[in-house]
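Residue numbering for the sequence shown follows the UniProt record's numbering, beginning at 1 and increasing consecutively.
Built from N, CA and C at the ideal position, the CB exists for glycine as well.
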Amino acid sequence: MTERSAPTSNEAAPDAQGSPGLENLLTEDRRFPPSAEFAAQANATADAYAWANADRPGYWADQARELISWSTPFTQTLDWSDAPFARWFADGRLNAAYNAVDRHVEEGRGDRVALHFEGEGGDTRTLTYADLLREVSKAANAFAALGVGTGDRVAIYLPLIPEAVITMLACARIGAPHSVVFGGFSAEALSSRILDAEAKLVVTADGGFRRGKPSALKPAVDEALEKGAPSVSHVVVVRRTGQPVEWTAGRDVWWHEAVDAASSQHTPVDVDAEHPLFILYTSGTTGKPKGIFHTTGGYLTQAAYTHLNVFDLKPETDVYWCTADVGWITGHTYVVYGPLINGATQVIYEGTPDTPHRGRWWEIVQKYGVTILYTAPTAIRTCMKWGEEIPSNFDLSSLRVLGSVGEPINPEAWMWYRRVIGADRTPIVDTWWQTETGAIMISPLPGVTETKPGSAQVPLPGIAADVVDDDAQPVPNGGGGYLVLTEPWPAMLRGIWGDPERYKDTYWSRFKDIYFAGDGAKKDDDGDIWLLGRVDDVMNVSGHRLSTTEIESALVSHPWVAEAAVVGATDETTGQAVVAFVILRSDVAEGNAADAATVQETLRTHVAKEIGPIAKPRQILVVAELPKTRSGKIMRRLLRDVAEHRQVGDSTTLADSSVMDLIAQGLAKPA
Ligand code: WTA
């Protein structure tokens, strides 16, 4: 324990819900300076910070000119006059797919591998940039022939197969914003996203492979559209698993018929820099998911810049692998746009890490000679649990940079990642960002930053972040508070689709003129930032954002449930796990219609149906009362204490102070 880094002045520290081991964060004093060898070849340099500080927008304008090809160069950099609605490079024009694909082919890089696809069952496909250009052009022509024009929205509900990347780029090519819905979401969740974005086209597959078995997707699309979706005219279906599918004539179209028959010549549509590139729904503090939307020029600039500098990408020699699905923001920025804009060669893998064996990921690293690996702490902790002899059976010596994203990484997992996967040699970049920020915001720079296990450390050059107290005052070093972003950045969200007021309320009303991220954080004595987890009603399960309110709404929509409260309880592997407390309707409770096991199973299945299997509560506890303040707000903090088997904290603000005893007694009873 070092005295200097103890969390002393943390009075202002919010009630952050962190991941395992976070309480020890600030006592961590191991340090890893970059090796001279790495630093000598690194893309990033220390002087970038000062350079960017001197003229933040100017720094980004330089990056935009250097990393992106513009059909009409911009003359304006940042327009913040209508804050918090930013416009970056607004008079420039460009096309995202042209930047990600065509220009590499035009500049003689057509033979470079863009994608090494590894199917779960071991089937593989290699697509060069020239192949990608042909496939994306065909898909763009096919979608256009189905009536998709610039500005129309396209919903994508696909497994992680090359067609997912091709579809996103084909949409970008015609200026049709895509809305990718993670394949693990239910028909219900898909339906609400299709309706909110008024999608014209849905692109899906018969199914994908999960844990050695085909897992259907098309039935969820059918079910979602049966609920009514007047905007949707067609569904394009990729044949992946060969499962039988229901077919709606006139609406459904096979990919291999429509796309394969289309011409491979397509002219990318130039759009304004501020043209929406995509919508991605994410959980907020209320029940309804937010359609975060990003535009083109600023987003691509920061995606490319961060991918190049944070991962030290050398496009000619590196083999990059980000394990995220394209259903999440990490898959958008660090599978599709960042790497392809930079002309990288990358691996995409369809399946789970333990199919058909627990060494699958390491086998893939060995097979393709992966040099840069970007994954989530939950995956690292799972591998730790499986034991280090599994990765030790594979040759991982190609790895040279390791990244982490999605939740705070506890120092123990960080050290394991470095030692076992990185041979005690590779720099680790712990990258903090959000769906809303579009790209990495806080991270060490490999070759520059002396790293600290568990800390995301410093805002990138050109990014302004701070930790503030309740009154928006920056906390001193050693203090804790809320993470905020104090200056606009190129990849920032431009709003919530169709709801500008909610955008202002959610991010810009907590503090005046600064962006509230929703995360608790501390600054150590060096001023480095340590993330502590969410301070709002958002949970982080395996790096996936889930809203407590959304799961509560799903639970009370079941006829048995009168009231529900959901908390994220610390979980050794997944960071947090969903624990639900429910009050059953009196007829159900009294009639003893259901025993605890049946209630648990029925409600878990119900949540999976309403939202998706990822939202299933780990545990559902039936209680007689819920702890509420006098104003009726559920005190989740107390429920978290119960869920984490801790002594229940201060309950003096409860309207009825006996409630916690009641809950404790009820839970002590055998089911
Ligand atoms: C959390 C994922 C600590 C955080 C890119 C944030 C992290 C939320 C980190 C966004 C990190 C992400 N350290 N916490 N390195 N990265 N988070 O929108 O709570 O799925 O607000 O974006 O994940 O999740 P999202």
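### Query
Looking only at C-alpha atoms, which of R510, K452, P427 and A439 sits nearest to V468?
As a working note, residue 468 is residue 468 in the sequence shown. Taking only the C-alpha atoms, the option nearest V468 is R510.
#### Entry: Closest residue to V556 among D571, Q576 and R585 (Cα-Cα distance)
Numbered from its first residue, the sequence shown carries residue 556 at position 556. Closest by alpha carbon: R585.
### Task
Quick one: residues in its chain with C-beta nearer than 8 Å to the C-beta of A423, no 5 flanking neighbours on either side, listed in chain order?
As a position in the sequence shown, residue 423 is number 423, starting the count at 1. Counting only Cβ-Cβ distances below 8 Å, and skipping sequence neighbours, we find L396, S397 and L399.
#### Entry: Residue range of the alpha helix (DSSP H) that includes V221
Counted from its first residue, the sequence shown places residue 221 at position 221. Start and end: K218 to E226.
### Task
With DSSP collapsed to three states, give me the class of K385.
In the sequence shown, the residue the question calls residue 385 occupies position 385. In the structure shown, K385 sits in a helix (DSSP, three-state: H, G or I).
### Query
What number of angstroms, rounded off, separates the C-alpha of A96 from the C-alpha of R112?
Taking the sequence shown and counting its residues from 1, the one referred to as residue 96 is at position 96. Taking the sequence shown and counting its residues from 1, the one referred to as residue 112 is at position 112. About 19 Å.
### Query
From the DSSP output, which residues share a beta bridge with A580?
The residue given as residue 580 occupies position 580 in the sequence shown. According to DSSP, which records beta bridges pairwise, A580 is partnered with V566 and I620.
### Query
Would you say P575 and R640 are within 9 Å of each other, going by their C-beta atoms?
Your numbering for residue 575 matches position 575 in the sequence shown. Your numbering for residue 640 matches position 640 in the sequence shown. Here the sequence assigns Gly to residue 575, which means Pro is not the residue at that position. Cβ distance not < 9 Å, so G575 and R640 don't count as in contact.
### Query
So G359 packs on N393, CB below 8 Å; how close in whole Å?
Position 359 of the sequence shown, counting from 1, holds the residue named residue 359. Position 393 of the sequence shown, counting from 1, holds the residue named residue 393. Their Cβ separation, rounded to whole angstroms, is 6 Å, which keeps G359 and N393 in contact under 8 Å.
### Cross-strand partners of N540 (DSSP beta bridge)
Start at 1 with the first residue of the sequence shown, and residue 540 comes out as number 540. Note: N540 sits in a beta bridge opposite R545.
#### Entry: L603 CB to nearest heavy atom of the ligand WTA below 8 Å
Taking the first residue of the sequence shown as 1, we reach residue 603 at position 603. The ligand WTA never approaches L603 closely enough for any of its heavy atoms to be under 8 Å from the residue's Cβ.
### Query
Rounded to a whole number of angstroms, what is the C-alpha to C-alpha distance between I174 and V566?
The sequence position of residue 174 within the sequence shown is 174, counting from 1. The sequence position of residue 566 within the sequence shown is 566, counting from 1. Roughly 42 Å separates the two Cα atoms.
### Message
Let's test the definition: count the other Cβ atoms within 10 Å of the Cβ of D519 and tell me whether it reaches 16, buried, or not, exposed.
### Response
Numbered from 1 along the sequence shown, position 519 holds the residue referred to as residue 519. Burial call: buried.
### Message
If you measure between the beta carbons of residue 685 and A643, is that distance less than 9 Å?
### Response
Only positions 1 to 671 of the chain appear in the structure, and residue 685 is not among them; the question remains open.
### Query
What residue from E246, M660, I68 and K522 has the CA that sits closest to T27's CA?
Residue mapping note: residue 27 aligns to position 27 of the sequence shown, counting from 1. Of E246, M660, I68 and K522, the residue nearest in Cα terms is K522.
### Task
Let me know if W416 comes out buried or exposed under the rule of 16 or more other beta-carbons within 10 Å of its beta-carbon.
Here residue 416 corresponds to residue number 416 of the sequence shown, with the count starting at 1. By the 10 Å Cβ count, W416 comes out buried.
### Message
Tell me whether W432, by its Cβ, gets closer than 8 Å to a heavy atom of the ligand WTA.
### Response
The residue labelled residue 432 in the question sits at position 432 within the sequence shown. Under cutoff, so the answer is yes.
### At least 3 beta-carbon pairs within less than 8 Å: the region 301-308 vs the region 130-140
No, the region 301-308 is not in contact with the region 130-140.
### Task
Could you check if L636 is buried or exposed, using at least 16 other CB atoms within 10 Å of its CB as the buried criterion?
Taking the first residue of the sequence shown as position 1, residue 636 is located at position 636. For clarity, residue 636 is Arg in the given sequence; the question names Leu instead. R636 comes out buried.
### Message
Would V202 and V236 be called neighbours here (beta carbons separated by less than 9 Å)?
### Response
Locating residue 202 in the sequence shown gives position 202, where the first residue counts as 1. Locating residue 236 in the sequence shown gives position 236, where the first residue counts as 1. Result yes, Cβ atoms of V202 and V236 sit closer than 9 Å.
### Task
Give me whichever residues DSSP pairs with C322 in a beta bridge.
To locate residue 322, count along the sequence shown from 1; it is residue 322. In DSSP, C322 forms a bridge with Y374.
### Query
Start and end of the beta strand (DSSP E) containing K523?
Position 523 of the sequence shown, counted from the first residue, corresponds to residue 523. Segment Y515 to K523, the beta strand (DSSP E) holding K523.
### Message
Given this structure, state the Cα-to-Cα distance separating T653 from D661, to the nearest angstrom.
### Response
Position 653 of the sequence shown holds residue 653. Position 661 of the sequence shown holds residue 661. Cα-Cα distance, rounded: 15 Å.
### Task
Would you grab the beta carbon distance between V370 and W321 for me? Rounded to a whole angstrom, and I think it's under 8 Å.
Your numbering for residue 370 matches position 370 in the sequence shown. Your numbering for residue 321 matches position 321 in the sequence shown. With 8 Å as the limit, V370 and W321 qualify as a contact, their Cβ atoms being about 5 Å apart.
### Proximity test, W497 beta-carbon vs the ligand WTA heavy atom, cut-off 8 Å
The residue given as residue 497 occupies position 497 in the sequence shown. The answer is no for W497.
### Task
Consider the C-beta atom of T330 and the heavy atoms of the ligand WTA; say whether any pair is separated by less than 8 Å.
Here residue 330 refers to the residue found at position 330 when the sequence shown is read from its first residue. Checking the Cβ of T330 against the ligand WTA gives yes.
### Query
What span of residues does the alpha helix (DSSP H) with F293 cover, start to end?
Residue mapping note: residue 293 aligns to position 293 of the sequence shown, counting from 1. From DSSP, F293 is part of no alpha helix (DSSP H) but of the beta strand (DSSP E) over K290 to T295.
### Query
Bridge partners of Q457, per DSSP?
Reading the sequence shown from its first residue, position 457 is the one you call residue 457. Per DSSP, I529.
### Message
If the criterion is Cβ atoms closer than 9 Å, does the pair residue 674 and L493 meet it?
### Response
This structure cannot settle anything about residue 674, because the visible part of the chain is limited to 1 through 671.
### Message
Quick check on DSSP: helix, strand or coil for V475?
### Response
Stepping through the sequence shown from its first residue, residue 475 is reached at position 475. It is coil, neither helix nor strand.
### Task
Give the DSSP-derived three-state secondary structure of E246 in the structure shown.
For the purposes of this step, residue 246 is taken as residue 246 along the sequence shown, with counting starting at 1. E246: coil per DSSP, three-state reduction.
### Query
Which residue or residues does DSSP assign as beta-bridge partners of Y281?
Mapped onto the sequence shown, residue 281 falls at position 281. BP columns for Y281 point to G291.
### Query
Going by DSSP, which residues form a beta bridge with W432?
As a working note, residue 432 is residue 432 in the sequence shown. I442.
### Query
Should E610 and A554 be called a contact, given that it needs their Cβ atoms to be closer than 9 Å?
On the sequence shown, residue 610 is found 610 positions in, with the first residue counted as 1. On the sequence shown, residue 554 is found 554 positions in, with the first residue counted as 1. Yes. Within cutoff.
### D519 beta carbon near the ligand WTA (any heavy atom closer than 8 Å)
Translated into positions along the sequence shown, residue 519 becomes position 519. Placement of the Cβ of D519 at a distance of less than 8 Å from at least one heavy atom of the ligand WTA is found.
#### Entry: Bounding residues of the beta strand (DSSP E) (the contiguous stretch that carries F117)
Here residue 117 refers to the residue found at position 117 of the sequence shown. Segment V113 to E118, the beta strand (DSSP E) holding F117.
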